[in-house]
Amino acid sequence: MSAIPNEGKNKVIAVSLVTAICLLGDSMLYVALPVYWHQTGLLSLWEVGLILSINRFVRLPLNPIMGWLYSKISLRTGLLVAVVLSALTTTGYGFAQGLWVWLILRCIWGFAWSLLRLGGLMTVVTAAEDHNRGYLMGTYNGLYRLGSLFGMLLGGGGATLIGIEWVAFLMGAASLLGIPLILLFVRPGTAADASRSAKARAGAVRWRSLGLWKVMSSGFLVSLLIQGVLTSTLSFLINDLFTEEVSIGEATLAAATLSGIIQGSRWAWEPFLAVKFGHWSDGPYGRMPWFCGFLLVAAVGFACAPLGIGIYWWIVVILTVMIAATALTTLMDTLATDTSRDTNSISIMTLYSVALDFGAAAGPMLAFLLLSLKHGLIYTYWGGAAIFLALCLLWFEKGASRDRSSRVSASHGKDQERKTAEIS
């Protein structure tokens with residue numbers, strides 16, 4: 001790890017912690033609002049669903065605007081604006097009454113999250129080099145997901161003990177702690193300057209590049225299946241396979257509770273495993289073996305998920321899928337930053353953010369459309385398995401081609417060295 005410049009590493013850690021703090025309020029809502037919605041001026045549960053999803057749909061048109069904005073302002077300025085907006089919206093959750101007020105707050109949060117997410121990806125792009133990009137991306141993903149974990153844990157218990165108003169106020173105040181972190185560790189001008197220097201080295205983005213669109217389409221599909229399908233249908237899957245209550249030993253858990261425990265476990269191990277997976281992908285074997293391997297693991301896991309294999313084996317399968325999800329998310333982000341390193345990184349990462357958000361937004365809609373059919377679970381999860389397998393074959397072929405090229409290049413280099421030695 002000594003090879004990683006301290007300044008770049010510290011900047012990535014600072015931005016990821018800022019993002020985690022700002023995520024507290026958003027994650028709290030996913031636990032507290034479905035239970036305490038009647039205290040917030042809402043009239044029905046469908047309004048809760050709309051409130052929790054509107055920020056994701058808003059980000060689809062906002063991401064290109066954020067990319068343009070980051071080409072005009074510094075990374076530091078964008079992150080500071082995001083922190084202030086996050087603090088205001090999170091505090092507002094404690095006072096909001098009525099659907100329209102909630103929708104306005106969630107749309108503003110969507111704007112803030114677009115700035116945070118794109119700013120975080122740009123931070124890794126500017127701080128990383130080829131030998132540490134996976135490690136820094138794993139560090140970023142792992143640390144900022146702590147916000148999801150603690151937001152859910154503190155949000156659920158806190159709303160019960162002191163009320164959603166005080167929880168929102170405290171989390172909103174905590175968001176302001178991001179301001180000194182940004183001022184200390186993020187220099188002005190980073191995003192725009194880095195993109196301009198990359199442009200000077202490599203020229204315009206090659207939008208017709210097959211490799212570029214392979215990364216974008218893969219990011220869309222991985223996000224669709226993991227952030228969209230798996231996250232939104234896990235409770236439904238448990239309920240369909242094991243009924244509303246699941247007996248594990250002497251304990252009986254509701255389907256929603258077991259789903260929450262399984263998904264929460266991912267946020268708990270992410271700070272450790274994401275860093276490991278990213279670091280391993282920086283090693284001599286590169287990213288392709290790890291990426292293809294975890295795509296295959298996800299394919300097998302999705303294929304087994306809708307089968308009646310018993311609760312204990314089923315939990316093992318789903319936890320394995322969750323580990324694969326951690327790896328695939330980190331490796332996919334790293335592949336995107338690999339693609340952007342020698343070109344206009346703002347444009348590339350903006351397009352990548354759009355692909356991820358589109359996948360995450362489309363996943364639940366596609367999944368529940370399929371679930372309305374007979375044998376819908378089989379179609380949904382076996383279809384996902386087929387997509388993971390197709391991606392594995394696609395990237396395996398690319399990795400094999402790259403290895404062949406590397407061997408030919410290395411062999412050619414050795415021949416040249418031998419000829420030079422013979423001449424001398």
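Just so you know, the sequence shown maps onto residues 1 to 424 in full-length UniProt numbering.
In this text, a Cβ means the ideal position worked out from N, Cα and C, and glycines have one as well.
Looking at the secondary structure, which residues open and close the alpha helix (DSSP H) in which residue i lies?
{"i": "lysine 9", "result": "6-36"}
{"i": "tyrosine 285", "result": "Unbroken run through tyrosine 285: none, as it is neither H nor E."}
{"i": "arginine 341", "result": "Note, arginine 341: premise wrong, no alpha helix (DSSP H); not H, not E."}
{"i": "serine 235", "result": "231-242"}
{"i": "glycine 163", "result": "It is not in any alpha helix (DSSP H) - glycine 163 carries neither H nor E in the DSSP assignment."}
{"i": "alanine 112", "result": "99-127"}
{"i": "lysine 72", "result": "45-72"}
{"i": "proline 180", "result": "178-185"}
{"i": "arginine 133", "result": "133-144"}
{"i": "alanine 82", "result": "75-93"}
{"i": "lysine 214", "result": "210-223"}
Using the C-alpha atoms, what's the distance from residue j back to residue i?
{"i": "arginine 418", "j": "glycine 286", "result": "Any reading at arginine 418 must be qualified, since the residue scores a pLDDT of 45, below 50, and its modelled position is unreliable; no value is offered."}
{"i": "phenylalanine 294", "j": "alanine 324", "result": "5 angstroms"}
{"i": "phenylalanine 368", "j": "arginine 266", "result": "23 angstroms"}
{"i": "methionine 66", "j": "leucine 60", "result": "11 angstroms"}
{"i": "leucine 210", "j": "leucine 391", "result": "14 angstroms"}
{"i": "alanine 268", "j": "threonine 139", "result": "14 angstroms"}
{"i": "threonine 233", "j": "glycine 384", "result": "12 angstroms"}
{"i": "arginine 407", "j": "proline 306", "result": "In this prediction, arginine 407 scores a pLDDT of 40, lower than 50, which makes its location untrustworthy; the coordinate-derived value is nonetheless stated afterwards. Looking at the two C-alpha atoms, the distance is approximately 42 angstroms."}
{"i": "glutamate 47", "j": "isoleucine 54", "result": "10 angstroms"}
{"i": "leucine 331", "j": "serine 281", "result": "8 angstroms"}
{"i": "isoleucine 261", "j": "leucine 33", "result": "18 angstroms"}
{"i": "serine 259", "j": "isoleucine 238", "result": "8 angstroms"}
{"i": "valine 18", "j": "valine 222", "result": "26 angstroms"}
{"i": "valine 275", "j": "threonine 329", "result": "12 angstroms"}
{"i": "serine 217", "j": "arginine 56", "result": "19 angstroms"}
{"i": "leucine 371", "j": "valine 215", "result": "29 angstroms"}
{"i": "glycine 228", "j": "glycine 157", "result": "26 angstroms"}
{"i": "lysine 9", "j": "lysine 72", "result": "25 angstroms"}
{"i": "alanine 87", "j": "glycine 283", "result": "39 angstroms"}
{"i": "lysine 374", "j": "leucine 296", "result": "27 angstroms"}
{"i": "methionine 288", "j": "tryptophan 395", "result": "7 angstroms"}
{"i": "leucine 50", "j": "valine 58", "result": "12 angstroms"}
{"i": "residue 435", "j": "glutamine 97", "result": "Coverage of the chain is limited to positions 1 through 424, which leaves residue 435 absent and any answer about it impossible."}
{"i": "threonine 77", "j": "leucine 116", "result": "11 angstroms"}
{"i": "glutamate 165", "j": "leucine 183", "result": "29 angstroms"}
{"i": "tryptophan 109", "j": "leucine 85", "result": "7 angstroms"}
Let me know if residue i comes out buried or exposed under the rule of 16 or more other beta-carbons within 10 Å of its beta-carbon.
{"i": "tyrosine 70", "result": "buried"}
{"i": "tyrosine 135", "result": "buried"}
{"i": "histidine 38", "result": "exposed"}
{"i": "proline 180", "result": "exposed"}
{"i": "aspartate 333", "result": "buried"}
{"i": "tryptophan 102", "result": "buried"}
{"i": "aspartate 357", "result": "buried"}
{"i": "tyrosine 312", "result": "exposed"}
{"i": "glutamate 270", "result": "buried"}
{"i": "phenylalanine 95", "result": "exposed"}
{"i": "isoleucine 309", "result": "exposed"}
{"i": "histidine 279", "result": "buried"}
{"i": "methionine 365", "result": "exposed"}
{"i": "leucine 43", "result": "exposed"}
{"i": "residue 502", "result": "This structure does not reach residue 502, given that the chain is present from 1 up to 424, and the question cannot be answered."}
{"i": "threonine 160", "result": "exposed"}
{"i": "asparagine 6", "result": "exposed"}
{"i": "isoleucine 226", "result": "buried"}
Within a Cβ cutoff of 7 angstroms, which residues of the same chain sit near residue i, ignoring the five residues on either side of it in sequence?
{"i": "lysine 11", "result": "Thr123, Ala127, Phe185, Val186"}
{"i": "glycine 178", "result": "Val18, Ile21, Cys22, Val83"}
{"i": "leucine 377", "result": "Leu237, Asp240, Pro306, Leu371"}
{"i": "threonine 380", "result": "Val229, Thr233, Ala367, Leu370, Leu371"}
{"i": "leucine 351", "result": "Met216"}
Does residue i have its Cβ less than 8 angstroms from a Cβ in chain B?
{"i": "alanine 20", "result": "Any reference to chain B falls outside this structure, which holds one protein chain only."}
For residue i, collect the residues of the same chain with a Cβ closer than 8 angstroms to its Cβ; drop the 5 residues on either side in sequence, then sort them by chain order.
{"i": "methionine 349", "result": "Gly67, Leu118, Leu121, Met122, Val125, Ala336, Thr337, Ser340"}
{"i": "methionine 152", "result": "Ser27, Met28, Tyr30, Val31, Gly260, Gly264, Trp267"}
{"i": "leucine 24", "result": "Thr90, Gly147, Phe150, Gly151, Leu154, Gly155, Met171, Ala174, Ser175"}
{"i": "valine 321", "result": "Leu230, Val297, Ala298, Gly301, Phe302, Ala305"}
Please go through the same chain and pick out, in chain order, the residues whose beta-carbon is closer than 6 angstroms to the beta-carbon of residue i, but skip the five residues on each side of it.
{"i": "leucine 273", "result": "Thr326"}
{"i": "valine 354", "result": "Asn63"}
{"i": "tyrosine 144", "result": "Ser16, Thr19, Ala20"}
{"i": "alanine 14", "result": "Leu181, Phe185"}
{"i": "glycine 142", "result": "Glu270, Pro271, Ala274, Val275"}
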